[in-house]
Amino acid sequence: MSARTTGRKRKPLNDERLHELALFYVGKFATTRAKLSAYLNRKLHERGWEGELQPDIDRLVERLAASGLVDDALYALSKSRSLSERGYGAARVRQSLRAAGVDEEDGAAAHELAADEAAAAALRYARRRRIGPYADSAPDRAGRERALAAMIRAGHGFELAKSVVNAEPGSELDVDELREKGR
1258 MSARTTGRKR KPLNDERLHE LALFYVGKFA TTRAKLSAYL NRKLHERGWE
1308 GELQPDIDRL VERLAASGLV DDALYALSKS RSLSERGYGA ARVRQSLRAA
1358 GVDEEDGAAA HELAADEAAA AALRYARRRR IGPYADSAPD RAGRERALAA
1408 MIRAGHGFEL AKSVVNAEPG SELDVDELRE KGR
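Mapping the sequence shown onto the working numbering, position 140 (from 1) lands on 1397, and the numbers just tick up by one.
The following block contains the structure:
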């Protein structure tokens, strides 16, 4: 049973416990500096601090980043690859990385990967949602508008999404032509 379920109050944090929490978190989750910092600040707020001097969370996070345990650029690339493989577009990748606290410099390779994979990701999304060439039958105007809106919410550009949505069911789309529309 955890302290939450038994009603026991957990010990306030000190430098050693804070470091252990940080190591546990990076060992369990792929993370960024910003996400780790937010986690540690939340735990500090929940449990309190028993030391005389306030903890230097930023220094701890930077020390873990310097050791390679936290790597924003690697996290960004992995997140971009994962989202693209699931059919999400470059705008959704950018939004996700921004929410994770990844800056433009660390996210540059991830943004480039998302742009390169835009056409293939759009087709994966269309296949999964049965849109355009993967639909059972041609939708009416309202159905096409809903499909277009869904693709745009998934992070695909308007021209690319429109090309996929307007494709006839069962047709073959030229990925190179779609790439041009995705740029």
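All residues carry an ideal CB built from backbone N, CA and C; glycine is no exception.
Just so we're clear, the structure is a prediction, and the values are computed from it rather than from any experiment.
Taking DSSP's pairing of strands, which residues face residue i in a bridge?
i	result
LEU1270	TRP1306
Could you give the DSSP three-state label for residue i: helix, strand or coil?
i	result
PHE1286	coil
SER1337	helix
LEU1317	helix
HIS1276	helix
ASP1328	coil
TYR1296	helix
GLN1311	coil
ARG1265	coil
Measure the beta-carbon distance from residue i to residue j and round it to whole angstroms, keeping in mind my assumption that it falls under 8 Å.
i	j	result
ILE1388	VAL1422	6 Å
ALA1411	GLY1346	6 Å
LEU1370	SER1337	5 Å
LEU1275	LEU1297	6 Å
For residue i, tell me which candidate among the options has the shortest Cα-Cα distance.
i	options	result
TYR1382	LEU1301, GLU1342, GLY1400	GLU1342
LEU1340	HIS1368, THR1288, ASP1329, LEU1293	HIS1368
TYR1391	GLY1427, ALA1376, HIS1413	GLY1427
LYS1326	LEU1334, ALA1279, ALA1404, LYS1268	According to the sequence shown, residue 1326 is Leu rather than Lys. The shortest Cα separation from LEU1326 among LEU1334, ALA1279, ALA1404, LYS1268 belongs to ALA1279.
GLU1309	ASN1298, ASN1271, PHE1286, ALA1424	ASN1271
GLU1362	ASP1329, ALA1377, LYS1285	ASP1329
ILE1409	GLU1425, ALA1378, LEU1430, GLU1429	ALA1378
When every heavy atom of the ligand ZN is checked, does at least one fall within less than 8 Å of the C-beta of residue i?
i	result
GLY1427	The model depicted lacks the ligand ZN and carries no ligand whatsoever.
Unbroken stretches of the alpha helix (DSSP H), 4 residues or longer, contained in the segment 1356–1437: 1361–1373, 1375–1386, 1398–1410, 1415–1422
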